[in-house]
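Residue numbers (the numbering used here), protein chains in the order written: chain S, 1 to 212; chain U, 1 to 263.
For every residue, glycine included, the Cβ atom is placed at its ideal position computed from N, Cα and C.
Bear in mind the structure is a predicted one, so any value in this text is a computation, not a measurement.
Presented below is the structure to which this report refers.
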Amino acid sequence: MAFPTTGNLINHEIALSHVTIQPAWVRITHWINALAAVLMVMSGWQVYDASPIFPALRFPAAITLGSWLGGALLWHFAVMWLLVTNFLVYVGLNLASGRLRRKLLPLSFKSLTTDLVAALRGKLGHEDLSHYNAIQKLAYLVVIVDIALLVLSGLAVWKSVQFPLLRTLMGGYDNARVVHFIAMSVLVAFFFVHVAMVALVPRSLLLMIRGR
Amino acid sequence: MTFRKRPVKLDTFLSSHAESIIKDARKELKDPARRLLGRRILTLGGIALLSGCDLSNGKSVNTMLRKMSFFNDDVQALLFNPKEMAPTYPESMITRPFPFNAFYGIDDVPEVDAATYQLQVSGLANGKRVWTLDELRALPQKSQITRHICIEGWSAIGRWGGVRFSEFMKRAGMDMTAKYVSLHCADNYWTSIDMPTALHAQTLLTLTYDGAVLPPKYGFPMKLRMPTKLGYKNPKHIVAISVTNDYPGGYWENQGYNWFGGS
Chain S
1 MAFPTTGNLI NHEIALSHVT IQPAWVRITH WINALAAVLM VMSGWQVYDA SPIFPALRFP
61 AAITLGSWLG GALLWHFAVM WLLVTNFLVY VGLNLASGRL RRKLLPLSFK SLTTDLVAAL
121 RGKLGHEDLS HYNAIQKLAY LVVIVDIALL VLSGLAVWKS VQFPLLRTLM GGYDNARVVH
181 FIAMSVLVAF FFVHVAMVAL VPRSLLLMIR GR
Chain U
1 MTFRKRPVKL DTFLSSHAES IIKDARKELK DPARRLLGRR ILTLGGIALL SGCDLSNGKS
61 VNTMLRKMSF FNDDVQALLF NPKEMAPTYP ESMITRPFPF NAFYGIDDVP EVDAATYQLQ
121 VSGLANGKRV WTLDELRALP QKSQITRHIC IEGWSAIGRW GGVRFSEFMK RAGMDMTAKY
181 VSLHCADNYW TSIDMPTALH AQTLLTLTYD GAVLPPKYGF PMKLRMPTKL GYKNPKHIVA
241 ISVTNDYPGG YWENQGYNWF GGS
């Protein structure tokens, strides 16, 4: 990759601003995924409220979508197609273009501990947004696997009779709901950390909109 | 890599980007097609804001959601494997007490008189049209312990016994090539199912629960039990069964629950 590693930072900035770091397909699938994930989580919370797994935990109506169980399920089972199709396109293009291998891998335990220590000391830099640090790599890989798990556990809840292998893998119908809930919690946790990081490094938002 | 250098000053960063953003925008606006697209997007946004239409109550959004639900009916019909059996469980796993669930409270459970009860068969059927409880009890009986899954998410395991529905359909001369079987109940509930599910080996016209006569709270005198479908597709207190090719809908389905409701 052709970017200066020494010299004036402003030049470095300008050089970067002419190189597309996030290709259009990454930006488009990112924002479709963001929309789909928010709609899925909010409608999912409304569905959850109809029969809470943990009686003490209910989601307030203000942050749910669908206004009642039937409405929420209409949303959930419509937007799931958007989420899954977009996710398959995203993962497929990541594999086909080599972006997954190039940007998200390799991920070593050593680099992870080094970057974690640097982050905790507040010394993890974000000048070069074309390159992910180890913590970012881990976060993005985890969220990809987590969405796959959300889809599979969701399928096991939706079609527990038709997909016996999936049902068994999830530990039965009731347990599939728990897996679905935990995977949702991981996604929501990622969302908040992700948005907080964007607030700290606003340039990354620009990057995900314009590509550079 | 050595990118951990002096932090970039925000104002230089913004000004350098601002320039290139404006340059990009000017370039885009030179293209008349792009300009038109931009104007259309802005206009659409403006209309959406003016009409105060928000995502959850827009009429067109509801239409779209209903269409997706019908699309999901078709997908579920494709996914439905008539040979796939719902899991069965040992007696020790039966949920006790099995939960009562209806669109009304337990005090409003209908009282059906066994002596005067008649099951009416109508529509595309050329056999016996009226069945008494004793005639149904005289048919070959089966029993199975399966999981009842409610659309709300909870599930419970119970044991139901009765006549295999495909056996009853044969005896009533029902047209098994028709599309739908619709079911009407003594509590004015109604629902309808697809033919492949009606013919599924585990679909039972149940007359007993856990070895005893089906109690009123579980649907006396008769409940159609389908472990391949969610609870609201398993009607209780059935008084009329009709075979038809016209989409019959249902009590909950007409309010928004998915029609196929398969598990």
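Buried versus exposed call for residue i [16 or more other C-beta atoms within 10 Å across all chains shown]
i      : result
U/L188 : Inspection of the sequence shows that residue 188 of chain U is occupied by Asn rather than by Leu. With fewer than 16 other Cβ atoms within 10 Å, it is exposed.
S/A56  : exposed
U/T116 : exposed
S/A24  : exposed
S/T218 : Outside the displayed range of chain S (1 to 212) lies residue 218 of chain S, so it cannot be described from this structure.
U/K27  : exposed
U/P221 : buried
U/D24  : exposed
S/L207 : buried
U/E253 : buried
U/Y209 : buried
U/N126 : exposed
S/K123 : exposed
U/V112 : buried
U/L36  : exposed
S/L74  : buried
Distance between residue j and residue i (C-alpha atoms, nearest Å)
i      : j      : result
U/G52  : S/N175 : Bear in mind that the predicted position of U/G52 carries a pLDDT of just 49, short of 50, making it too unreliable to give a figure here.
U/L78  : S/V178 : 27 Å
U/V121 : U/A201 : 21 Å
U/I157 : S/L141 : 38 Å
U/L33  : S/I209 : A small correction: the amino acid at residue 33 of chain U is Ala; Leu does not occupy that position in the sequence shown. Each residue's Cα considered, the two are about 21 Å apart.
U/M174 : U/D246 : 15 Å
S/V47  : S/A72  : 6 Å
S/L138 : S/T113 : 11 Å
S/V198 : S/S204 : 6 Å
U/I145 : S/I135 : 49 Å
S/G172 : S/K159 : 11 Å
S/L93  : S/I144 : 13 Å
S/L149 : S/H180 : 8 Å
S/I53  : S/F59  : 12 Å
U/L199 : U/L183 : 15 Å
S/S153 : S/M170 : 7 Å
S/Q162 : U/L139 : 29 Å
U/K142 : U/R164 : 7 Å
U/C150 : S/V157 : 11 Å
U/K67  : U/S155 : 28 Å
S/L82  : U/F71  : 14 Å
S/R121 : S/H131 : 20 Å
S/V193 : U/M64  : 33 Å
U/S263 : U/F100 : 20 Å
U/W190 : U/L224 : 12 Å
S/A62  : U/D194 : 37 Å
Chain-ordered neighbours of residue i on chain U, where CB pairs are closer than 8 Å
i     : result
S/F77 : M68, S69, N72 and N258
S/V26 : Going along chain U, no residue has its Cβ under 8 Å from S/V26, so there is no contact; the nearest lies around 18 Å.
Proximal residues of chain U, C-beta to C-beta of residue i below 9 Å
i      : result
S/S108 : Those within 9 Å of S/S108 in chain U number zero; the least Cβ separation is about 15 Å.
S/G71  : S56, N62, L65 and G256
S/V19  : What S/V19 touches in chain U: nothing, since even the nearest Cβ is about 12 Å away.
S/V117 : Those within 9 Å of S/V117 in chain U number zero; the least Cβ separation is about 13 Å.
Partners in chain U for residue i, counting only beta-carbon separations shorter than 7 Å
i      : result
S/Y173 : R147, I149 and S155
S/A62  : The contacting residues do not exist; S/A62 stays about 12 Å from chain U at best.
S/V41  : The premise fails here: S/V41 is roughly 14 Å from chain U at the closest Cβ pair, so nothing lies under 7 Å.
S/V198 : Chain U residues near S/V198: none, gap ~15 Å exceeds 7 Å.
S/V38  : Under the 7 Å cutoff, chain U gives no residues; its nearest Cβ is about 11 Å from S/V38.
heavy atom of the ligand GDP below 7 Å from residue i C-beta
i      : result
S/R101 : As presented, the structure is devoid of all ligands, the ligand GDP included, so that no description of it is given.
Proximal chain S residues relative to residue i, where beta-carbon distance stays under 7 Å
i      : result
U/L65  : L74, W75 and A78
U/E152 : A50, S51 and L69
Per-residue contacts from residue i into chain S (C-beta, under 8 Å)
i      : result
U/F80  : Q162
U/A198 : Under the 8 Å cutoff, chain S gives no residues; its nearest Cβ is about 16 Å from U/A198.
U/S143 : Those within 8 Å of U/S143 in chain S number zero; the least Cβ separation is about 19 Å.
U/S166 : Neighbours of U/S166 on chain S: none; closest Cβ ~18 Å, over 8 Å.
Proximal chain S residues relative to residue i, where beta-carbon distance stays under 9 Å
i     : result
U/M86 : This sequence places Ala at residue 86 of chain U; Met is not what is there. Simply S160 and V161.
Assess, as a yes-or-no matter, whether the segment 128 to 137 of chain U is touched by the segment 70 to 84 of chain U under the definition of 3 or more beta carbon pairs within less than 8 Å. no
Using a Cβ cut-off of 7 Å, which residues of the segment 91 to 106 of chain U contact any Cβ in chain S, in chain order? If the cut-off is 7 Å between Cβ atoms, the segment 91 to 106 of chain U has nothing near chain S.
Touching or not, the segment 223 to 238 of chain U and the segment 30 to 47 of chain S, by the rule of three or more beta carbon pairs under 8 Å? no
Residues, ordered as in the chain, of the segment 154 to 179 of chain S that lie near chain U by beta-carbon distance below 9 Å: V157, W158, K159, S160, V161, Q162, F163, P164, R167, G172, Y173, D174 and R177
Given a limit of 8 Å on CB to CB distance, which residues of the segment 223 to 242 of chain U reach chain S? Here the close residues are P227 and T228.
Stretch-stretch touch, CB-based, cutoff 8 Å, three pairs: the segment 83 to 97 of chain S with the segment 108 to 122 of chain S: no
Would you call the segment 202 to 220 of chain U and the segment 235 to 245 of chain U touching, i.e. three or more CB-CB distances under 8 Å? yes
Segment contact flag, the segment 158 to 170 of chain S with the segment 90 to 105 of chain U, C-beta cutoff 8 Å, min 3 pairs: Judged by pairs of C-beta atoms under 8 Å, the segment 158 to 170 of chain S does not touch the segment 90 to 105 of chain U, as fewer than three such pairs exist.
Taking a Cβ distance cut-off of 9 Å, strictly less, list which residues of the segment 180 to 191 of chain S are near chain U, in chain order. Residues: none.
Can you list, in chain order, the residues of the segment 177 to 196 of chain U whose Cβ is nearer than 8 Å to any Cβ on chain S? none
Members of the segment 127 to 155 of chain S that neighbour chain U once the beta carbon cut-off is set at 9 Å: E127, D128 and H131
Relative to chain U, which residues along the segment 76 to 105 of chain S have a C-beta separation below 8 Å, given in chain order? F77, A78 and W81
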